[in-house]
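Residue numbers (the UniProt record's numbering): 1 to 565.
Glycine included, every Cβ here is placed at the ideal spot set by N, Cα and C.
A short write-up of the structure that comes next.
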RNA sequence: UGACCCGUGGUGUAAUUGGCAACACGUCUGAUUUUGGUUCAGAAGAGUCCAGGUUCGAGCCCUGGCGGGUCAACCA
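Shown next, in the form of structure tokens:
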């Protein structure tokens with residue numbers, strides 16, 4: 001239930017300072033905005049949120065928390081051809097799951113369509129906007145290149161009256177899609193392409209997920225975003241680097257709108273790139289649509305929903321976001337940092353349990369047939385309050401195939417012929433016989449146990465070099481376990497100019513083990529419950545798991561310092 | 001041939017705003033251990049893209065290079 005906590009709980013008020021915090025503090029010192037700090041998280045509802053968004057969410061809500069401000073959730077829904085309520089719902093669920101609360105400040109760019117329209121009319125009246133009837137190609141040509149200035153559109157000096165009439169007609173649906181657009185009259189010679197008379201409105205005869213068929217013209221993002229921030233009283237518009245070049249345009253629009261000194265200040269930071277994965281919504285959408293993964297919440301996806309299903313906790317994601325910091329340098333963050341964050345979190349909270357992934361049968365020849373014993377096991381050595389549980393022991397067990405070697409190398413100190421090891425929380429056992437089938441495959445181990453070592457300690461003080469996990473064959477729950485590996489083989493799959501990122505898909509990113517045995521304790525587990533399978537890794541119960549066929553996802557393996565040679 | 005942004009160990013960040021480069025991850029030792037986990041102790045690894053300049057002193061300031069990124073969607 002700790003996952004229900006809001007991010008504002010906890011006492012770590014001294015969050016690491018970054019350049020954005022520094023700028024805010026400098027402004028606060030100047031008394032800007034009357035000391036008010038107000039941020040926003042502005043996703044477009046055209047896809048699911050990913051870990052990169054989590055960074056932004058943590059940053060924005062973190063700023064508000066640190067400086068006693070507020071954060072709005074605003075959907076930038078200016079393009080009805082790509083946006084859907086399914087995405088709106090998933091985004092809200094993900095932000096909440098991460099532990100953040102936007103109160104009643106849930107906004108939509110579409111809330112401002114009327115005001116935006118009025119503002120466009122104002123700009124037309126001021127001679128700062130005009131309707132252009134040229135084709136997309138011509139407009140694009142006239143815009144020039146970054147190196148060469150653009151040239152004026154022949155419609156650039158149409159009178160406000162005429163523009164008004166045309167704009168009205170656009171709104172009334174009298175012009176077809178693509179027939180004309182409304183453009184801002186800024187500067188066709190600007191070195192900044194975005195200032196070369198950018199589009200404000202286009203005709204789109206599409207039904208909008210919120211405004212229905214009320215409009216057949218829709219504002220461009222660039223014409224809506226800055227004003228939305230302004231109307232919401234946002235003081236700091238934090239966004240990613242690629243919008244840096246848009247900033248002068250946003251400022252230009254807001255300067256035409258504002259009535260006093262207040263203007264949102266945009267600050268850009270570098271988006272998160274994680275090694276061995278892709279982070280653009282376009283590519284993630286492609287993976288989903290072309291079925292390279294099972295969906296947006298496939299546990300291999302870097303989406304919030306994927307990470308959740310994989311077994312990541314909100315706390316671990318927030319901790320990760322905090323640790324990677326915020327800068328303008330764009331690089332690639334090693335997934336190892338993310339993995340460390342979950343391990344650290346899960347180590348402290350995950351219920352320990354024994355589960356055998358690749359079973360090898362063990363018969364304890366001197367243990368009476370039909371006899372059963374219960375052993376006490378610690379639920380979490382990191383948290384005594386989690387108590388203990390009983391684990392059944394009997395004559396026939398399963399151990400991990402990897403924990404036995406017939407001809408072990410020097411550094412292998414698990415079970416081998418003639419060798420004694422400890423079964424965790426149970427007894428010392430010694431392997432006496434290796435049973436094989438006609439192919440030479442080991443099918444069973446015959447061992448003896450030492451009754452004196454009950455609980456796992458020898459009264460004579462003798463030691464064993466290894467402790468194995470095990471499960472009683474008769475009592476075990478059979479389960480399916482899904483092992484996940486990185487989705488791509490390349491550290492930067494999207495970073496190759498001539499090779500499609502899908503070329504780097506890892507064919508072994510999912511391994512399904514259908515015959516695993518877990519101790520009966522997990523029977524009552526609920527979807528998403530976290531466990532540590534001792535000596536193996538962290539797992540959680542998949543939402544599609546059923547009591548008849550339990551399914552676990554491996555979140556991350558335990559750190560493994562022993563390397564097989 | 002343009003404009004803007006960025007360059008600190010392998011990776012992500014820090015450096016009291018000009019004072020002998022710090023932290024985390026990762027890696028490698030060793031100790032402890034009924035999880036080859038955790039924990040603990042320790043080590044290696046950058047002299048801050050390069051070259052000049054200012055200064056008693058530069059990762060921080062200036063100049064010029066070099067390298068990387070972004071920008072020419074009726075996408076956001």
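Check your understanding: Just how far apart, CA to CA, sit residue 581 and residue 488?
Key -> Coverage of the chain is limited to positions 1 through 565, which leaves residue 581 absent and any answer about it impossible.
Check your understanding: Among 142, 185 and 135, which residue has its Cα nearest to the Cα of residue 177?
Key -> As a first step, residue 177 is located in the first chain; it is residue number 177 there, counting from the start. Answer by Cα proximity: 135.
Check your understanding: Nearest-angstrom Cα distance between residue 3 and residue 101?
Key -> Your numbering for residue 3 matches position 3 in the first chain. Your numbering for residue 101 matches position 101 in the first chain. Here residue 3 scores only 34 on pLDDT, less than 50, and its place in the model should not be relied on; the value that follows carries that caveat. As the crow flies, the alpha-carbon of residue 3 is around 13 Å from that of residue 101.
Review point. Just the Cα atoms here: how many angstroms apart are residue 519 and residue 238?
Key: Here residue 519 corresponds to residue number 519 of the first chain, with the count starting at 1. Here residue 238 corresponds to residue number 238 of the first chain, with the count starting at 1. The C-alpha of residue 238 is placed about 49 Å away from the C-alpha of residue 519.
**Study point:** Contact check, residue 501 vs residue 355, beta carbons under 8 Å
**Key:** Along the first chain, read from residue 1 onward, the residue named residue 501 stands at position 501. Along the first chain, read from residue 1 onward, the residue named residue 355 stands at position 355. It is not a contact, given that the beta carbons lie outside the stated cut-off.
Check your understanding: What's the C-alpha gap between residue 256 and residue 190?
Key -> For the purposes of this step, residue 256 is taken as residue 256 along the first chain, with counting starting at 1. For the purposes of this step, residue 190 is taken as residue 190 along the first chain, with counting starting at 1. In a straight line, the C-alpha of residue 256 is about 18 Å away from that of residue 190.
**Study point:** Limits of the beta strand (DSSP E) - the one that residue 539 falls within
**Key:** One-based indexing of the first chain puts residue 539 at position 539. Taken as a continuous stretch (DSSP letters only), the beta strand (DSSP E) holding residue 539 covers 537 to 541.
Check your understanding: Which term fits residue 403, buried or exposed, when burial requires 16 or more other beta carbons within 10 angstroms of its beta carbon?
Key -> One-based indexing of the first chain puts residue 403 at position 403. Counting of Cβ neighbours within 10 angstroms places residue 403 among the buried residues, the total reaching 16 or more.
Check your understanding: With distances taken from CA atoms, which of 251, 231, 495 and 557 is nearest residue 112?
Key -> Indexing the first chain from 1 puts residue 112 at position 112. Ranked by Cα distance from residue 112, the first of 251, 231, 495 and 557 is 231.
Exercise for review: Please go through the segment 416 to 467 and give each complete beta strand (DSSP E) segment of 3 or more residues, from N-terminal end onward.
Suggested key: The segment 416 to 467 contains these whole beta strand (DSSP E) runs: 420 to 423, 428 to 436 and 442 to 449.
Exercise for review: Please confirm if the segment 116 to 136 is in contact with the segment 180 to 195, defined as three or more CB-CB distances below 8 Å between the two stretches.
Suggested key: Contact annotation: the segment 116 to 136 touches the segment 180 to 195, with at least three C-beta pairs closer than 8 Å.
Review point. Between which two residues does the beta strand (DSSP E) harbouring residue 553 extend?
Key: Locating residue 553 in the first chain gives position 553, where the first residue counts as 1. That run of the beta strand (DSSP E) goes 550 to 557.
Exercise for review: Excluding the 5 residues preceding and the 5 following residue 194 in the sequence, name in chain order all residues of the same chain whose CB lies nearer than 8 Å to its CB.
Suggested key: The residue labelled residue 194 in the question sits at position 194 within the first chain. Excluding sequence neighbours, residue 194 sits near 222, 245, 246, 248 and 249.
**Study point:** Neighbourhood of residue 527 by C-beta, 6 Å cutoff - its chain only, sequence neighbours within 5 removed
**Key:** Mapped onto the first chain, residue 527 falls at position 527. 541 and 543.
Review point. For residue 620 versus residue 50, is the C-beta distance shorter than 8 Å?
Key: One cannot answer for residue 620 here, as it falls past the ends of the chain, which runs 1 to 565.
Practice item. For the beta strand (DSSP E) containing residue 19, list its first residue and its last residue. Key: Stepping through the first chain from its first residue, residue 19 is reached at position 19. Premise fails: residue 19 lies in the alpha helix (DSSP H), 19 to 30, not in any beta strand (DSSP E).
Point to revise | Whether residue 116 touches residue 219 by CB criterion (8 Å) | key: As a working note, residue 116 is residue 116 in the first chain. As a working note, residue 219 is residue 219 in the first chain. Yes, these two residues count as a Cβ contact at 8 Å.
Check your understanding: Helix, strand or coil: which one does DSSP assign to residue 72?
Key -> Along the first chain, one-based indexing puts residue 72 at 72. Residue state, collapsed to three classes: strand.
Check your understanding: Is it right to say residue 423 is buried, meaning 16 or more other beta carbons lie within 10 angstroms of its own, or is it exposed?
Key -> Position 423 of the first chain, counted from the first residue, corresponds to residue 423. Buried, since its Cβ has 16 or more Cβ neighbours within 10 Å.
Exercise for review: Drop a sphere of 10 angstroms on the beta-carbon of residue 138, count the other beta-carbons inside from all chains shown, and report buried for 16 or more, exposed for fewer.
Suggested key: Within the first chain, numbered from 1, the residue matching residue 138 stands at position 138. Exposed, because fewer than 16 other Cβ atoms sit within 10 Å of the Cβ of residue 138.
**Study point:** Sequence-distant residues of the same chain with beta carbon closer than 6 Å to residue 557, five excluded per side
**Key:** Mapped onto the first chain, residue 557 falls at position 557. Cβ neighbours of residue 557 beyond the five flanking positions: 537.
Review point. Do residue 398 and residue 296 have their C-beta atoms closer together than 8 Å?
Key: To locate residue 398, count along the first chain from 1; it is residue 398. To locate residue 296, count along the first chain from 1; it is residue 296. Their beta carbons are not under 8 Å apart, which means residue 398 does not touch residue 296 by this criterion.
Point to revise | Span separating the alpha-carbon of residue 334 from that of residue 349 | key: For the purposes of this step, residue 334 is taken as the residue at position 334 of the first chain. For the purposes of this step, residue 349 is taken as the residue at position 349 of the first chain. Looking at the two C-alpha atoms, the distance is approximately 24 Å.
Point to revise | Residues that residue 568 bridges to, as DSSP identifies them | key: Absent from the model: residue 568. The displayed extent of the chain is 1 to 565, so no value can be given.
Practice item. Work out the CA separation of residue 378 and residue 386 for me, nearest whole Å. Key: Residue numbering aside, residue 386 sits at position 386 when the first chain is read from its first letter. Residue numbering aside, residue 378 sits at position 378 when the first chain is read from its first letter. C-alpha separation (whole angstroms): 8 Å.
Review point. Can you name, in chain order, every residue of its own chain whose Cβ lies under 7 Å from the Cβ of residue 505, other than the five neighbours on each side?
Key: Along the first chain, one-based indexing puts residue 505 at 505. These residues qualify, in order along the chain: 292, 487 and 488.
Review point. When the Cβ atoms of the segment 270 to 277 are set against those of the segment 22 to 39, are three or more pairs found closer than 8 Å?
Key: The segment 22 to 39 and the segment 270 to 277 do not touch, with fewer than three beta-carbon pairs separated by less than 8 Å.
Check your understanding: Do you know how far the Cα of residue 451 is from the Cα of residue 426?
Key -> One-based indexing of the first chain puts residue 426 at position 426. One-based indexing of the first chain puts residue 451 at position 451. The C-alpha of residue 451 is placed about 10 Å away from the C-alpha of residue 426.
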